[in-house]
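Visitor: Protein chains in written order, with my numbering: chain G, 241 to 461; chain H, 241 to 461.
Handing you a structure now.
There are 2 protein chains.
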Amino acid sequence: MKAIVLLSGGLDSTVCMSVAQQAGYETVPISFDYGQRHFRELACARAVADFYRVKKHVLIETNMRAIGGSALTDDIEVPAGDEQRQDVPVTYVPARNLIFLSYALGLAEVEKAEKIYIGVNAMDYSGYPDCRPEFIQKFQQVADYATKAGIEEKKISLETPLQYLSKAQIVALGMKNGAPLHLTTSCYQGGEEACGVCDSCLLRLKGFREAGFADPIKYKK
Amino acid sequence: MKAIVLLSGGLDSTVCMSVAQQAGYETVPISFDYGQRHFRELACARAVADFYRVKKHVLIETNMRAIGGSALTDDIEVPAGDEQRQDVPVTYVPARNLIFLSYALGLAEVEKAEKIYIGVNAMDYSGYPDCRPEFIQKFQQVADYATKAGIEEKKISLETPLQYLSKAQIVALGMKNGAPLHLTTSCYQGGEEACGVCDSCLLRLKGFREAGFADPIKYKK
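Here's what the structure looks like:
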């Protein structure tokens with residue numbers, strides 16, 4: 241019984257990985273080197289995969305910089321976070337989750353996996369359109385038509401265990417599952433120590449604070 | 241008024257490109273180096289893009305071999321064609337069109353294009369699940385939710401002008417539009433001359449024959 245897990249090396253995907261493991265799946269993590277500024281997360285993904293002693297960890301390399309349009313792949317400055325902001329931020333990477341899920345679907349078909357775990361979150365989600373529950377529902381529908389597995393009615397289902405959790409609940413779930421949160425990174429800047437001021441750092445710190453745990457990773461300030 | 245065109249360098253995508261050009265769009269072709277056996281098609285895609293003097297041609301490089309599961313990317317032999325076959329052939333690349341369309345959607349968003357042209361075909365389609373009209377319909381739905389453009393109601397629409405055409409009709413349309421069919425390749429083997437025996441070559445030859453035109457490319461036999 242296999243499950244593909246989208247593993248970025250960040251907090252959410254690592255907690256998601258712990259959920260798939262707890263559910264008894266043989267997990268096959270998939271990670272992406274897409275020209276992201278914070279490529280350091282790939283080393284974290286590798287460390288998390290090693291922690292769970294997976295048999296196979298798939299790394300997809302792709303030059304999403306050729307598409308452009310994001311502070312995470314272009315030479316646009318990553319802004320300091322603003323928790324009140326309502327619009328889609330410059331760190332949004334056009335169609336990224338759609339692209340990632342599409343690869344995961346292809347891998348699920350080849351590996352004969354029945355689940356794809358993705359740590360999208362509709363609560364503390366930074367305003368990305370492709371983290372919304374409606375997006376996930378629509379992807380499930382296209383997945384049923386996109387593959388040979390779909391034709392043969394061996395449905396591959398998306399699992400989004402973090403969908404309706406707050407960041408604090410995600411941290412608490414990870415702690416309960418013994419997820420290796422000390423091996424994760426969340427900072428968009430990609431430095432050795434987290435910046436503590438970007439959107440992603442702010443959300444993470446708030447999550448740990450509200451959950452009542454100390455964040456085990458290092459911050460600059 | 242811009243349109244993204246998925247351009248493989250094959251017959252169908254080149255005819256599709258000619259349709260987008262005829263419709264008056266400034267076209268931005270996107271091509272993929274995905275570890276395909278027939279990478280020669282990329283040179284053809286470049287030649288077709290040059291023929292149309294496009295301002296920008298995006299090449300996405302990605303190691304789809306890491307996913308495996310196809311004769312087009314793995315070291316599995318490409319079989320001789322069988323026009324009567326009903327099942328999904330080994331040349332099927334898991335989730336390929338879904339992956340390609342996802343990139344095209346991201347590019348459309350960045351380029352502010354209103355259309356994505358893809359030369360899928362439901363008639364002479366080699367049995368690939370991701371060429372079916374149902375798949376295209378479902379992708380349109382996920383596209384509306386996956387992007388910032390979707391949130392802002394600047395809908396990006398898929399155009400599939402070849403959907404219900406026979407190969408002969410595709411050839412005839414290409415000839416009518418003055419598409420550079422002499423610059424295209426269709427063979428899965430990827431040799432300098434087309435093999436003339438794989439699925440793709442058989443379909444192409446049948447199309448030219450039925451349309452009453454000579455195929456301008458070279459064949460081994």
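Even glycine gets a Cβ: it sits at the ideal position worked out from N, Cα and C.
Select from Asp384/G, Ala412/G, Met257/G, Leu341/G the residue whose C-alpha is nearest the C-alpha of Arg293/G.
Guide: Along the first sequence, read from residue 1 onward, the residue named residue 293/G stands at position 53. For Arg293/G, the nearest C-alpha among the options comes from Met257/G.
Visitor: Drop a sphere of 10 angstroms on the beta-carbon of Ala285/H, count the other beta-carbons inside from all chains shown, and report buried for 16 or more, exposed for fewer.
Guide: Start at 1 with the first residue of the second sequence, and residue 285/H comes out as number 45. Buried, since its Cβ has 16 or more Cβ neighbours within 10 Å.
Visitor: Chain G partners of Arg305/H, CB-CB under 7 Å?
Guide: For this step, residue 305/H is matched to residue 65 along the second sequence. The premise fails here: Arg305/H is roughly 10 Å from chain G at the closest Cβ pair, so nothing lies under 7 Å.
Visitor: Is DSSP giving Thr267/H helix, strand or coil here?
Guide: The residue labelled residue 267/H in the question sits at position 27 within the second sequence. In the structure shown, Thr267/H sits in a strand (DSSP, three-state: E or B).
Visitor: For Gly414/G, collect the residues of the same chain with a Cβ closer than 8 Å to its Cβ; drop the 5 residues on either side in sequence, then sort them by chain order.
Guide: Numbered from 1 along the first sequence, position 174 holds the residue referred to as residue 414/G. Hits under 8 Å: Leu251, Thr254, Val255, Ser258, Leu421.
Visitor: I want to see whether chain H comes within less than 8 Å of Lys394/G, judged by CB atoms only; does it?
Guide: Start at 1 with the first residue of the first sequence, and residue 394/G comes out as number 154. No, its Cβ sits nowhere closer than 8 Å to a Cβ of chain H.
Visitor: Helix, strand or coil for Phe340/H per DSSP?
Guide: Position 100 of the second sequence, counted from the first residue, corresponds to residue 340/H. Residue state, collapsed to three classes: helix.
Visitor: With 8 Å as the threshold, decide whether the Cβ of Pro369/G is near any Cβ in chain H.
Guide: Residue numbering aside, residue 369/G sits at position 129 when the first sequence is read from its first letter. Judged by the 8 Å Cβ criterion, Pro369/G is in contact with chain H.
Visitor: Can you find the residues in the same chain that come closer than 7 Å, C-beta to C-beta, to Tyr459/H, ignoring five residues on each side of it along the sequence?
Guide: Start at 1 with the first residue of the second sequence, and residue 459/H comes out as number 219. Answer for Tyr459/H: Glu433, Ala434, Gly436, listed in chain order.
Visitor: Does the beta carbon of Ala386/G come closer than 8 Å to any beta carbon on chain H?
Guide: For the purposes of this step, residue 386/G is identified with residue 146 of the first sequence, where counting begins at 1. By this cut-off, Ala386/G is an interface position.
Visitor: Between Asp370/H, Gln409/H, Glu392/H, which has its C-alpha nearest Glu450/H's C-alpha?
Guide: Looking up residue 450/H in the second sequence gives position 210. It is Gln409/H whose Cα lies nearest to the Cα of Glu450/H.
Visitor: What three-state label does DSSP hand Thr302/G in the structure shown?
Guide: Translated into positions along the first sequence, residue 302/G becomes position 62. Strand, per DSSP.
Visitor: Are the Cβ atoms of Ile307/H and Ile270/H separated by less than 8 Å?
Guide: Start at 1 with the first residue of the second sequence, and residue 307/H comes out as number 67. Start at 1 with the first residue of the second sequence, and residue 270/H comes out as number 30. Not in contact: Ile307/H and Ile270/H (Cβ atoms no closer than 8 Å).
Visitor: Anything in the stretch 346 to 360 of chain G with a Cβ closer than 9 Å to a Cβ of chain H? List those residues in chain order, please.
Guide: Hits within the stretch, in order: Gly346, Leu347, Ala348, Glu349, Val350, Glu351.
Visitor: Just confirm the distance between the C-beta atoms of Lys355/H and Ser397/H, as a whole number of angstroms; I'd bet it's less than 8 Å.
Guide: Against the second sequence, residue 355/H aligns to sequence position 115. Against the second sequence, residue 397/H aligns to sequence position 157. Going by Cβ atoms, the distance from Lys355/H to Ser397/H rounds to 6 Å, so yes, they are a contact pair.
Visitor: For Val382/G, return the contacting residues in chain H, with the cut-off set at a CB-CB distance below 8 Å.
Guide: In the first sequence, counting from the first residue as 1, residue 382/G sits at position 142. Chain H residues near Val382/G: Leu338, Phe375, Lys378, Phe379, Gln381, Val382.
Visitor: Nearest by alpha-carbon distance to Leu299/H: which of Asn417/H, Tyr265/H, Ser248/H is it?
Guide: The residue labelled residue 299/H in the question sits at position 59 within the second sequence. Checking every option, the nearest Cα to that of Leu299/H belongs to Ser248/H.
Visitor: Output the residue ranges of the beta strand (DSSP E) runs that lie fully inside the stretch 354 to 380 of chain H and measure 3 residues or longer, sorted by chain position.
Guide: 355 to 357, all fully within the stretch 354 to 380 of chain H.
Visitor: Cβ closer than 9 Å: which chain H residues qualify as neighbours of Leu299/G?
Guide: The count along the first sequence starts at 1 and reaches residue 299/G at position 59. In chain order: Asn303, Ala306.
Visitor: Is the Cβ of Tyr428/G closer than 8 Å to any Cβ of chain H?
Guide: Counting from one through the first sequence, the residue named residue 428/G turns up at place 188. Chain H, which has no Cβ nearer than 8 Å to the Cβ of Tyr428/G, makes this no.
Visitor: Nearest to Lys378/H by CA position, among Arg372/G, Pro373/G, Ala386/G, is which residue?
Guide: Your numbering for residue 378/H matches position 138 in the second sequence. Here the closest residue by C-alpha is Ala386/G.
Visitor: Check each residue of the stretch 247 to 263 of chain G: if its Cβ is closer than 9 Å to any Cβ of chain H, include it; give the result in chain order.
Guide: Those would be none; no residue qualifies.
Visitor: To which residues of the same chain is Lys296/G closer than 7 Å at the C-beta, ignoring the five residues directly before and after it?
Guide: One-based indexing of the first sequence puts residue 296/G at position 56. Cβ neighbours of Lys296/G beyond the five flanking positions: Val268.
Visitor: By DSSP, does Phe272/G sit in helix, in strand, or in coil?
Guide: Numbered from its first residue, the first sequence carries residue 272/G at position 32. Here Phe272/G sits in strand by DSSP.
Visitor: Based on the DSSP output, what are the partners of Lys242/G in its beta bridges?
Guide: As a working mapping, residue 242/G is identified with position 2 in the first sequence. Per DSSP, Glu266/G.
Visitor: Could you tell me the distance, in whole angstroms, from the CA atom of Gln324/G to the CA atom of Phe340/H?
Guide: What you label residue 324/G is simply residue 84 of the first sequence in a count that begins at 1. What you label residue 340/H is simply residue 100 of the second sequence in a count that begins at 1. Residue confidence is low: Gln324/G scores 44 on pLDDT, short of 50, so the model does not pin down where it sits. No coordinate-derived value is stated.
Visitor: Run the CB neighbour count on Pro369/G, radius 10 Å, all protein chains shown included, and call it buried at 16 or more, exposed below.
Guide: Position 129 of the first sequence, counting from 1, holds the residue named residue 369/G. Buried, by the Cβ-count rule.
Visitor: Among Asp384/H, Ala335/H, Lys461/H, Tyr404/H, whose alpha-carbon lies nearest the alpha-carbon of Cys427/H?
Guide: Here residue 427/H refers to the residue found at position 187 when the second sequence is read from its first residue. Nearest of Asp384/H, Ala335/H, Lys461/H, Tyr404/H to Cys427/H, Cα basis: Lys461/H.
Visitor: Secondary structure at Leu398/H, three-state DSSP: helix, strand or coil?
Guide: Position 158 of the second sequence holds residue 398/H. Strand.
Visitor: State yes or no: is the beta carbon of Pro420/H nearer than 8 Å to at least one beta carbon in chain G?
Guide: Within the second sequence, numbered from 1, the residue matching residue 420/H stands at position 180. Answer no: the Cβ-Cβ gap between Pro420/H and chain G never drops below 8 Å.
Visitor: Mind checking who Tyr428/H pairs with in its DSSP beta bridge?
Guide: The residue labelled residue 428/H in the question sits at position 188 within the second sequence. In DSSP, Tyr428/H forms no bridge with anything.
Visitor: Cα separation between Ala260/G and Asp439/H?
Guide: Here residue 260/G refers to the residue found at position 20 when the first sequence is read from its first residue. Here residue 439/H refers to the residue found at position 199 when the second sequence is read from its first residue. For Ala260/G and Asp439/H, the distance between alpha carbons rounds to 40 Å.
Visitor: Which word fits Ala283/H, buried or exposed, when buried means at least 16 other C-beta atoms lie within 10 angstroms of its C-beta?
Guide: The sequence position of residue 283/H within the second sequence is 43, counting from 1. With fewer than 16 other Cβ atoms within 10 Å, it is exposed.
Visitor: Determine the closest residue to Ala263/H out of Phe272/H, Leu345/H, Glu399/H, Ala335/H, with distance taken between C-alpha atoms.
Guide: Your numbering for residue 263/H matches position 23 in the second sequence. The residue with the shortest Cα to Cα distance from Ala263/H is Glu399/H.
Visitor: Taking Val360/G as the reference, which of Leu405/G, Lys394/G, Ala344/G has the closest Cα?
Guide: Taking the first residue of the first sequence as 1, we reach residue 360/G at position 120. Among Leu405/G, Lys394/G, Ala344/G, the Cα nearest to that of Val360/G belongs to Leu405/G.
Visitor: Under the three-state reduction of DSSP, which class applies to Tyr459/H: helix, strand or coil?
Guide: As a position in the second sequence, residue 459/H is number 219, starting the count at 1. Tyr459/H: strand per DSSP, three-state reduction.
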